[in-house]
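At the far end of the sequence shown sits residue 157, using the numbering used here, and the numbering has no gaps.
Remarks on the structure that follows.
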Amino acid sequence: MKLSYEDKVQIYELIKQGLSFDQLSKRFRVDVSGLMYMIRLIDRYGIAIVQTGRIIIILQI
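Below, the structure written as structure tokens:
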């Protein structure tokens, strides 16, 4: 199942509130490893990564 932007934000918030990956995997019908990967991406690059699907690098000079 493809997740919408709202689903991804909701999953991130629920993980931060303490729900387990197993619970969310069953609820959203997504593989646990995919959820873990998505959470790592959001933690590293910010929530915008799930909206654009791209890693945007901003150079500060």
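Ideal Cβ positions, reconstructed from N, Cα and C, are used throughout, including at glycine.
Y108 to G130 span [Cα, whole Å]: Here residue 108 refers to the residue found at position 12 when the sequence shown is read from its first residue. Here residue 130 refers to the residue found at position 34 when the sequence shown is read from its first residue. The straight-line gap from Cα to Cα measures roughly 12 Å.
Cβ-based burial, V128 [other Cβ within 10 Å; buried from 16]: For the purposes of this step, residue 128 is taken as the residue at position 32 of the sequence shown. Flag for V128 reads exposed.
Local conformation of L131 per DSSP, three classes: If you number the sequence shown from 1, residue 131 lands on position 35. It is helical.
Mind checking which residues open and close the alpha helix (DSSP H) that includes L120? Here residue 120 is taken as the residue at index 24 of the sequence shown, counted from 1. Unbroken alpha helix (DSSP H) run through L120: F117 to F124.
Take Y101 and list the residues in its own chain whose beta-carbon comes closer than 8 Å to its own, dropping the five residues that flank it on each side. Along the sequence shown, read from residue 1 onward, the residue named residue 101 stands at position 5. The residues are V146 and Q147.
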